[in-house]
Each structure stands twice: as structure tokens, then as C-alpha cells.
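J.: Protein chains in written order, with my numbering: chain A, 758 to 895; chain B, 14 to 417.
So this is what it looks like as C-alpha cells:
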């Protein structure tokens, strides 16, 4: 299977690899997937508490090139977005942007889950209810 | 000058040896007769070429040329052996013994026969991929008709104790088949010394053409027969109908002749390079060799690089063609069943790479591969959350993962 140029670009030059201080109240951490499944993504956001804008996003991913690219792209899209707008990121947008083939759609689903999980971690730390996932994945 | 990409997937298939191609050339355009045409020189020439090749193939495995049945490849040979024995010896019993690490061509043929009333025992191997012959002996029952055990494993390179298993089968009057696809042409295989009754192998794993293989069927002590799985003109002593692939068979014969002549020198050269590659890669922290280190094919190594996912790693070493036990490389999304059979964690199975060296592999290519794999593993670990956790001393098993 050949990878798209965008997947190769994100894999070769991943954006925003790293770790944020998860003990800070304005940092939300999402850890999704499982080693047994061959995919684990950790996505972190740092939120400006006065504006609700995501000022930084970092990731680390154990997985195939598409999983790495999906999480790298997610961090790029998250930066500068409000929490509410971030929740609107749809996995199919990631699929389109990276031209993922059908067998790799689960990588984009995982990235969306990671975003949601990070936001809910942030909300929980700040006394807010978690956002329920009502969406049916494609 | 190093030419990229580098091919280290010789367990999948091999590049044809130019000497094989040269031997085949006249049989595409000039000598095109049907080897079964007994009435004219076109047929005679083809038959003569097939006979000569049959001798070359038989000689490599210490068999008689009359014991070689040409097929389309090892998958067909495995099917013919297993299904053919089941049908031919139905009045003797219906029990077959095999291993969980066999190739799908063996496992799925057995599964097929289960639907037709066969009883199949799938034995588990040890952590090193080896089966204790005593375990096979203990599994033999009065209704056992066939034991089928792979000679050298395609994923690990592990070589089973074939001669011991063969002797056990002989003692109990049970037929012994071996899928020797990866072993023949790479290590000395002697069907007499190994007490093998049926053996599958193929040309394209030993620098010959694709689409031609053989099934060895013993003619003496005991005389073995298999029921044909394809009806037709009764070629190959009635066991495999179909016009012979003369060109392919000529190539197969030449490939066997070269393999036999060069084996000793070639296996020393390959195992030297393989050992160097392996030694270097195992200097990486948290990297593990899969399978037995001693009883092994000379050209294969299978290594897990913990906390790095195999497909991601293959993308990082894209200038080197290897294969991975990772789920993502196959349509099934399951990691390698062979690695799982060893009792390896899914996590380690997902992190494995198989390197298969071959006749045309060079020392420069091995140097390049060592550096590339080391760099890619290091880079991917820097972006692996699991590596970070490991470095922080967090036990990954203590984490509640949300499996998807």
C-alpha cells in the first residue's frame, strides 16, 4: 500500500511531538488505543483559561504511519482553536486531508477520540461535565 | 555504489538467478512442445528437458527422480499432500497432527478436511518456536494417518527436529509430510535420513521462477500414494494432472543444481551477514530475537523492537524491503499468528521485523540496513508514548487501556 504525500510528510516531519505537564489544571491529556491493538495515541492540549483557546498541543503516538500522521495533523488543527471548535473536528476531515485508505480510517477515529479524551480531561480538571460521545463513527 | 531500495524479504520470494533465466530461455520460444506428446520430436524434446530437471530436483533432496511430482508451487503441493493422503488413506484413519505455526496452506487445508470429517490436532510450540518430538509422539493415536510439520519456519527461520520427528512417525507407521518451502535449497535436506514420506517445496524461494513447485512422494518403504486433487490427463503418475510447465520446470531444475553446488559457501556467507545484522540490532535497548537462535535457517532473523510499531517502523526503513508481524501489514488486522503461537505479547508481535537475506545481499546493504533501522527505531521511540512510560518506570500492564 502506498502512502499519500501528506502522510509521508507528517511521518517524516511530525509536528508538535512532545509532552506537556499533565499536572497543570489547564492541560488536558487524552490517552487512547491499546498496545495490543498496535495503536496508542497520547494527545495533550494546553488551554488559555481566560479565552478558552488551545494555545499548545503535543502528541506522542505508537502506531503505523497513518496513526502518526493523524495525530500530528490533529495537533496542528487544534492549536488556536477554542475548545468548542476543537470538538467539531471530524475524523472524516482527517481522512480527507491525509487521503487515508479505508483500512486506515480507524487511525483517524483514534485521533478524534484522543481529541475528545483530552478535552474531557481538561473539563474534568476544571469542574465541568464530560462531553458525551453521541457521534456514530463512519 | 549502493542501489536502493534494498531487498531483504527473501522469505517472501527471491530474485531469479540469471543462470536460471539463461537455462529457461530456449523453452519460451524454441522448445515449446508438450512433454506428454509422445509421437513427435517436439514432445520428446520437452520430455527430455523435464526428465533432466526432475533429476536435478531429486538430487537436491536425495530422492529418486520418480518421486518428484511437479506442481504449481508449495501451496498446491501442501494441499495435494494433506488432502491427497486424507482421501487415499481414509480406511486407515482420519487423524492428522500439525503445528499451530504452520503456513496457512497447511493450516487451512487441515481446516477444510475437518469439515469433511478429519480430526486435526494443532500442537503448540515452545517460546522458541520449537516442537518437542516427544509431544508429537504423545499425540499419535491409532487413527492417526499423517503428521505434517514445517521444516524451517517462514517467519522465524526456526528449523524443527525433522529427523527425530520422521523416525517417530516411521516407528508408529504414520505418514510424515513436511512443508520444506523455506528449507530446501538453503540447508541440506535429505528425505531418506529425515524419514520424510512427502515434502513440499517451490522454485521461487531458491532463485528460480514463480509458478512451479514439487511434491516429493516416497516410492519405497513405504510406497506412498496420494489421491489426485485435480482430474485430467493423469500426468505425474496420476497424482497431478495438467500439462507440465516445461519452462518453469527447467528453471526449477537449474535452481536446484545451483543451490546444491553453492549451498555450503552460500549459507556460511549468509549466516555471517545475518549474525552481524542481528548482533548490531540487538544492541538497541529493549530489542528481542524471536525464535530459537541455534536451530535456524542461515538467512533469516526476526527481531522485536519493543515500544515501536512494526508498520510504522517499516515506513521509517522504506529503503529496505522487509516484512513485519504487525497487524497493519495484513488485511486481517491481527498480528502474526506465528509470533502469537510462541506466547509473545501482542505488543511484541506488533513490534517485529523479519529480515530475509539472499544470494544477492551484500555487506554494504547490511551496513546500510543496520544504520537505517537503528535511526528509525530511535526516532520512533522518541515519539512513542509507550517508550516514555517505560522510561518513567510505568508498568504498561497497570494501565487500563481502552481497546478499540
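Glycine included, every Cβ here is placed at the ideal spot set by N, Cα and C.
1. Quick test of your reading: residue 336(B) and residue 22(B), contact by CB under 8 Å. State the CB separation rounded to the nearest angstrom.
2. Taking the alpha-carbon positions, what's the residue 267(B) to residue 223(B) distance?
3. Can you tell me whether residue 893(A) is buried or exposed, with buried defined as 16 or more other CB within 10 angstroms of its CB?
4. Which partner residues does residue 495(B) have in the DSSP bridge list?
5. From the DSSP output, read off the bridge partner residues of residue 108(B).
6. Roughly how many angstroms lie between the CA atoms of residue 801(A) and residue 145(B), to the nearest whole one?
7. Can you give me, in chain order, the residues of the segment 801-829 of chain A that have a beta carbon less than 7 Å from any beta carbon in chain B?
8. So which residues on chain B does residue 797(A) lean against when the C-beta distance must stay under 7 Å?
9. Just grab the DSSP bridge partners of residue 415(B) for me.
10. At a Cβ threshold of 7 Å, is residue 22(B) touching chain A?
11. In whole angstroms, what separates the C-alpha of residue 418(B) from that of residue 177(B)?
12. In chain order, what are the residue ranges of uninterrupted alpha helix (DSSP H) at least 4 long that sit wholly in the segment 234-306 of chain B?
13. Less than 7 Å separating the beta-carbons of residue 228(B) and residue 63(B)?
14. Ends of the beta strand (DSSP E) at residue 797(A)?
15. Okay, do the segment 348-355 of chain B and the segment 820-835 of chain A touch, 3+ Cβ pairs below 8 Å being the bar?
16. Rounded C-beta distance between residue 319(B) and residue 364(B)? I'm assuming under 8 Å.
17. When you compare only the Cα positions, how much space is there between residue 61(B) and residue 48(B)?
18. Around the Cβ of residue 398(B), are there at least 16 other Cβ atoms within 10 angstroms (buried) or fewer (exposed)?
19. Since residue 54(B) meets chain A, which of its residues come closer than 8 Å, beta carbon to beta carbon?
20. Closer than 8 Å is the cut-off here; do at least three beta carbon pairs connect the segment 268-284 of chain B with the segment 124-135 of chain B?
21. Just the chain A side, please: which residues come within less than 9 Å of residue 339(B) by C-beta, in chain order?
22. Just the C-alpha distance for residue 56(B) and residue 261(B), rounded to the nearest angstrom, thanks.
23. Please identify, using Cβ separations under 8 Å, the residues of the segment 774-785 of chain A that lie next to chain B, in order along the chain.
24. Please determine, among 810(A), 774(A), 832(A), the residue with the shortest C-alpha to C-alpha distance to residue 842(A).
25. Any C-beta of chain B sitting closer than 7 Å to the C-beta of residue 879(A)?
26. I need the straight-line Cα distance from residue 833(A) to residue 767(A), nearest angstrom please.
27. When DSSP labels each residue in this structure, what does residue 229(B) get in the three-state scheme?
28. Is it buried or exposed, residue 332(B), if we count other Cβ atoms within 10 angstroms and call 16 or more buried?
29. How would you label residue 795(A), buried or exposed, when you count the other beta carbons within 10 angstroms and need 16 or more for buried?
30. Do you know whose CA, among 37(B), 122(B), 323(B), 196(B), lies nearest residue 308(B)'s CA?
31. Please list the terminal residues of the continuous alpha helix (DSSP H) segment that includes residue 380(B).
32. Of the choices 77(B), 277(B), 24(B), 287(B), whose alpha-carbon is the least far from that of residue 236(B)?
33. In chain B, what lies closer than 9 Å to residue 788(A) by C-beta?
34. Report all residues from its chain with a CB closer than 6 Å to the CB of residue 829(A); omit the five preceding and five following residues, and keep chain order.
T.: Checking against the coordinates, here is how it stands:
1. The beta-carbon separation of residue 336(B) and residue 22(B), rounded to 6 Å, stays under the 8 Å limit for a contact.
2. 14 Å
3. Any reading at residue 893(A) must be qualified, since the residue scores a pLDDT of 46, below 50, and its modelled position is unreliable; no value is offered.
4. Any property of residue 495(B) remains undetermined from this structure, which presents chain B solely from 14 to 417.
5. 132(B), 157(B)
6. 50 Å
7. 817, 818, 819, 820, 821, 822, 825
8. The contacting residues are 398, 399.
9. Looking at the DSSP assignment, residue 415(B) forms a beta bridge with 790(A).
10. no
11. Nothing can be reported for residue 418(B), as the shown portion of chain B is limited to 14 through 417.
12. Listed in chain order, the complete alpha helix (DSSP H) runs (minimum 4 residues) inside the segment 234-306 of chain B are 259-294.
13. No.
14. 796-805
15. no
16. 6 Å
17. 8 Å
18. buried
19. Under the 8 Å cutoff, chain A gives no residues; its nearest Cβ is about 50 Å from residue 54(B).
20. Fewer than three beta-carbon pairs drawn from the segment 268-284 of chain B and the segment 124-135 of chain B are found closer than 8 Å, and the two stretches are therefore not classed as touching.
21. Correct list: 795, 821.
22. 16 Å
23. 774, 776
24. 810(A)
25. no
26. Each residue's alpha carbon lies about 10 Å from the other.
27. strand
28. exposed
29. buried
30. The shortest C-alpha to C-alpha distance from residue 308(B) to any of 37(B), 122(B), 323(B), 196(B) is the one to 196(B).
31. 376-395
32. 77(B)
33. 398, 412, 414, 415
34. 767, 771, 772.
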